[in-house]
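Heads up, the sequence shown is in UniProt numbering, so the first residue is 1 and it goes up one at a time.
Worksheet: the structure to be examined is printed underneath.
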Amino acid sequence: MPLYKKKPFPLADPPQDLDPNELVYQIRFTMEIFRNYQEYLNRLNFYRQRVWMCKLTGKTNLTYEEALVSEQRATEKVQQFPEELVAPMLRIIQYSTLTLKDLVDAINANLQENPCEGLELHGRNEQSVCACKIVNVLKDGIAIQYQVGWLDKDRKITGTSIVNLDDLIHKKTPFSRAVLKAFVRESTSRSAPWVVHEKLAKKHGILTEPPEELRDKFTIQNGLLKISKKSAAGNQNFEIIRKRKRTEIDERTATDLSRKSKMKKEEEVGIEEPVRYPIDDLLVRPAADDPIFTDRPSLSTNFKVPMDCVGDFLMVWNFFSSFSRLLNLWPFSLDDFENALCHKDSNVLLIVESHSAILRLLIKDEGNYFFAIQNKKRKLKIKLTNWNEFLCDFLDMENRVLELLQYVAIVKRGHYGLLDTHVKLSIFRELVVEALKTTAVRARLDECIEQQQALAAKKREETKMKKEEQILRKEESETKKKCQGHNSENRKKNMHASDVDPISTHLKDVRKGSLKAKLSKRNSMQKNGKKLYTGSLEGQRRRKYKEKDPQEKQPEDLCGHLERQIEKLSIRTSSLGKDRNYSRYWFFRREGRLFVESSDSKHWGYYTTREELDALMGSLNPKGERERALQRQLEKHYLRISNALQKRSREVADKALLEEAVLRRSVRVQSQPRDSALAFLRYVNKWREDGPTKVCQTKSPCKSCG
1 MPLYKKKPFP LADPPQDLDP NELVYQIRFT MEIFRNYQEY LNRLNFYRQR VWMCKLTGKT
61 NLTYEEALVS EQRATEKVQQ FPEELVAPML RIIQYSTLTL KDLVDAINAN LQENPCEGLE
121 LHGRNEQSVC ACKIVNVLKD GIAIQYQVGW LDKDRKITGT SIVNLDDLIH KKTPFSRAVL
181 KAFVRESTSR SAPWVVHEKL AKKHGILTEP PEELRDKFTI QNGLLKISKK SAAGNQNFEI
241 IRKRKRTEID ERTATDLSRK SKMKKEEEVG IEEPVRYPID DLLVRPAADD PIFTDRPSLS
301 TNFKVPMDCV GDFLMVWNFF SSFSRLLNLW PFSLDDFENA LCHKDSNVLL IVESHSAILR
361 LLIKDEGNYF FAIQNKKRKL KIKLTNWNEF LCDFLDMENR VLELLQYVAI VKRGHYGLLD
421 THVKLSIFRE LVVEALKTTA VRARLDECIE QQQALAAKKR EETKMKKEEQ ILRKEESETK
481 KKCQGHNSEN RKKNMHASDV DPISTHLKDV RKGSLKAKLS KRNSMQKNGK KLYTGSLEGQ
541 RRRKYKEKDP QEKQPEDLCG HLERQIEKLS IRTSSLGKDR NYSRYWFFRR EGRLFVESSD
601 SKHWGYYTTR EELDALMGSL NPKGERERAL QRQLEKHYLR ISNALQKRSR EVADKALLEE
661 AVLRRSVRVQ SQPRDSALAF LRYVNKWRED GPTKVCQTKS PCKSCG
């Protein structure tokens with residue numbers, strides 16, 4: 001049991017006359033039951049304070065639950081002791097007057113000098129040193145030999161030999177200090193002297209009678225060691241110690257009585273101990289000081305893909321968006337990808353190019369997929385007419401999902417479009433998982449991480465320069481004010497004072513001079529048009545834009561610019577946080593929607609407007625741990641998220657106006673308007689290595705379409 005102020009803390013007794021159907025509050029790790037919610041919350045907050053100590057390891061500054069876990073782990077380690085070593089160690093511990101540190105050292109030294117059965121160490125075996133375990137101790141008068149079993153890598157005995165003590169080697173102490181300390185604490189009932197538990201002593205045949213040198217000082221009463229009255233009476237300071245103890249007890253009793261009376265008065269008045277927020281969201285209750293929370297807006301759920309596949313759908317699209325340049329795949333919107341997945345045509349160019357891009361990456365990686373298709377009598381060039389064959393080769397590979405093998409025949413016959421949407425997403429998921437293992441993707445990830453670290457260092461340096469610049473300006477302004485306010489006589493005094501202490505003035509001037517040199521160097525770099533960031537691919541991509549604009553970004557904009565560059569290099573997307581019900585919130589940089597995932601990942605929804613974002617933030621309760629963290633993340637990225645939502649709303653509105661205008665014009669000329677919902681059919685991969693793919697207009701594929 002964890003210790004509070006180095007003493008055991010008693011648990012609360014269960015309520016009396018408890019009805020089996022009564023609703024109560026129970027603490028998970030102590031199983032304590034409370035009828036009153038406030039009492040339950042006070043006890044839970046008390047357990048969360050870092051005032052607890054692990055009884056076995058002696059670790060302090062732990063919560064109650066952390067102390068419990070520490071005790072469980074220590075107990076597991078202690079239980080792993082070889083049974084043969086327990087009795088010799090208990091004999092050393094019993095009635096020892098050493099400190100815990102010295103006792104642990106004595107146990108280790110004894111095990112090294114007098115090895116016993118069950119001890120694992122090393123021994124010489126035919127001019128080599130091998131791990132071994134002592135099986136038996138052979139005593140023949142004064143001479144002692146040891147029968148050892150040689151251990152393999154799995155700690156199993158492969159053979160036995162008889163060796164002398166000189167042949168045994170201790171490369172390290174038999175047990176660590178922490179493990180032995182835990183063993184001593186768990187095996188004893190008291191210290192000074194150490195007394196082994198009575199049941200444990202009887203089990204291993206340990207003497208329970210104190211030795212002769214301790215019999216005059218201690219006696220055994222009801223199985224417990226007590227200080228002998230004769231020994232205490234013979235002590236000259238016994239009376240002083242007893243009076244001091246009585247005084248301490250009286251003072252402690254008076255303090256406890258005053259505390260109890262104060263608590264009773266507070267209970268009568270109705271004062272409750274304040275709750276320390278934040279706490280677990282599910283424990284938060286409405287209070288009088290709560291602000292007015294807005295109603296949480298309802299989620300939009302009009303997905304075309306099945307609801308249980310939305311997670312895979314977003315993951316696949318985010319992979320294509322993040323690695324589009326590496327895959328040589330022109331980026332496409334989430335709506336176009338969704339429409340293409342649900343389309344029944346088997347040769348939708350967006351889907352064909354997406355599959356082909358990953359398959360080309362796997363071929364270039366020369367991994368398992370490359371070796372699987374080497375035996376096929378075909379060229380390693382993926383075209384519009386044979387992409388489904390390469391996809392079937394991937395699905396036929398070993399260690400693939402067995403559920404997808406039944407669809408290989410459909411894909412091979414050219415009827416990919418007839419597959420259900422969830423099957424298409426399952427195929428994409430397997431392709432993405434395999435692509436993430438390739439060398440090119442891992443190298444790209446490492447490159448982005450290195451560039452992010454370099455940019456973060458530049459940002460830290462820029463922030464430091466800003467602070468130093470502010471300090472310098474403040475000092476200069478204060479100096480000017482002093483110079484203007486002082487008369488000529490004060491100026492002479494100041495000059496005299498500077499003559500008296502020239503060292504401090506010199507150091508101050510040197511610091512200002514170095515700071516001014518740094519600032520002038522930075523300003524000259526900005527005037528000359530030198531790039532603060534040229535190492536990343538993003539910087540190379542924007543070189544033309546920077547050459548057109550000779551005026552570099554102002555110093556106050558540099559931190560924001562570096563922050564945006566770091567964000568663009570962020571390939572991995574993490575959730576913003578969780579709400580009260582453990583729902584996760586996701587925002588993707590290239591999509592103007594805020595997605596919400598349920599705790600079981602089976603239900604999804606999204607927000608599309610800035611008003612919904614504001615209402616969501618107004619509905620979060622900062623008294624809860626999860627919603628507090630989520631609120632902070634939304635506030636941190638509010639400008640970016642709100643701008644993305646507004647941009648999408650404007651695009652949707654402009655698209656609706658354009659469709660209406662096209663519809664009016666088509667009515668006048670008696671022609672069919674172009675449906676924007678079929679925009680994905682006009683997709684062209686402009687980044688393809690051999691040029692954009694052209695869609696064949698003939699009924700049967702020709703040679704020109706490839």
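Glycine is no exception: its CB is placed at the ideal position from the N, C-alpha and C atoms.
Assigned secondary structure, residue i (DSSP; H/G/I helix, E/B strand, else coil)
i: Ser161; result: strand
i: Phe359; result: Position check: residue 359 holds Leu in this sequence, whereas Phe was assumed. Helix at Leu359.
i: Gln452; result: helix
i: Asp152; result: coil
i: Lys139; result: strand
i: Gly624; result: strand
i: Leu657; result: helix
i: Cys309; result: helix
i: Cys116; result: coil
i: Lys172; result: coil
i: Arg124; result: strand
i: Leu11; result: coil
i: Leu436; result: coil
i: Pro550; result: Because Pro550 sits at a pLDDT of 40, beneath the cut-off of 50, its placement in the model cannot be relied upon, and the following sentence gives the value as read from the coordinates. If DSSP states are grouped into helix, strand and coil, Pro550 belongs with coil.
i: Lys578; result: strand
i: Gln26; result: strand
i: Ala131; result: strand
Nearest-angstrom Cβ-Cβ length linking residue i and residue j, presumed shorter than 8 Å
i: Ala74; j: Trp52; result: The Cβ separation is near 14 Å, so there is no contact.
i: Ile363; j: Phe370; result: 5 Å
i: Ser649; j: Thr608; result: 7 Å
i: Gln147; j: Thr160; result: 6 Å
i: Leu3; j: Thr30; result: Going by Cβ atoms, the distance from Leu3 to Thr30 rounds to 14 Å, so no, they are not a contact pair.
Given residue i as reference, the closest of the options once Cα atoms are compared
i: Thr294; options: Arg35, Met617, Lys482; result: Met617
i: Leu350; options: Leu41, Leu384, Arg444; result: Leu384
i: Ser619; options: Gln631, Thr609, Thr608, Arg610; result: Gln631
i: Ala357; options: Trp387, Ser333, Pro20; result: Trp387
i: Cys559; options: Ile641, Val78, Val596, Lys464; result: Lys464
i: Glu65; options: Ala106, Arg91, Met1; result: Met1
i: Thr173; options: Ile93, Ala109, Lys156; result: Ala109
i: Ala87; options: Gln451, Glu476, Ser187; result: Ser187
i: Lys156; options: Lys133, Val196, Ala456, Ser354; result: Lys133
i: Gln646; options: Glu627, Arg610, Ala615; result: Arg610
i: Asp579; options: Ser599, Glu591, Gln565; result: Ser599
Rounded straight-line distance, which links the Cα of residue j to that of residue i
i: Glu651; j: Asp335; result: 13 Å
i: Phe587; j: Gly624; result: 22 Å
i: Phe394; j: Lys344; result: 22 Å
i: Pro278; j: Arg50; result: 16 Å
i: Pro211; j: Tyr95; result: 8 Å
i: Asn328; j: Leu359; result: 12 Å
i: Lys481; j: Arg640; result: 42 Å
i: Phe34; j: Gln72; result: 26 Å
i: Leu532; j: Cys342; result: Residue placement at Leu532 cannot be trusted, given a pLDDT of 41 that sits under 50; the coordinates are not used to answer.
i: Val137; j: Lys203; result: 22 Å
i: Glu403; j: Met397; result: 13 Å
i: Arg48; j: Thr63; result: 5 Å
i: Asp19; j: Val284; result: 26 Å
i: Glu478; j: Gln470; result: 12 Å
i: Val163; j: Gln145; result: 6 Å
i: Gln127; j: Ala201; result: 42 Å
i: Arg252; j: Asp166; result: 59 Å
i: Glu468; j: Lys636; result: 25 Å
Residue i and residue j closer than 7 Å at C-beta
i: Gly149; j: Val135; result: yes
i: Ser346; j: His422; result: no
i: Asn339; j: Phe680; result: yes
i: Leu361; j: Thr439; result: no
i: Ala182; j: Val78; result: yes
i: Val104; j: Leu207; result: no
i: Leu90; j: His170; result: no
i: Trp330; j: Trp687; result: yes
i: Val432; j: Val316; result: yes
i: Glu117; j: Glu84; result: yes
i: Arg626; j: Asp281; result: yes
i: Leu353; j: Asn685; result: As written in the sequence, residue 353 is Glu, which differs from the Leu given in the question. In this structure, Asn685 lies closer than 7 Å to Glu353 by Cβ.
Any chain D beta carbon closer than 7 Å to residue i
i: Leu282; result: You won't find chain D in this structure, because it holds only one protein chain.
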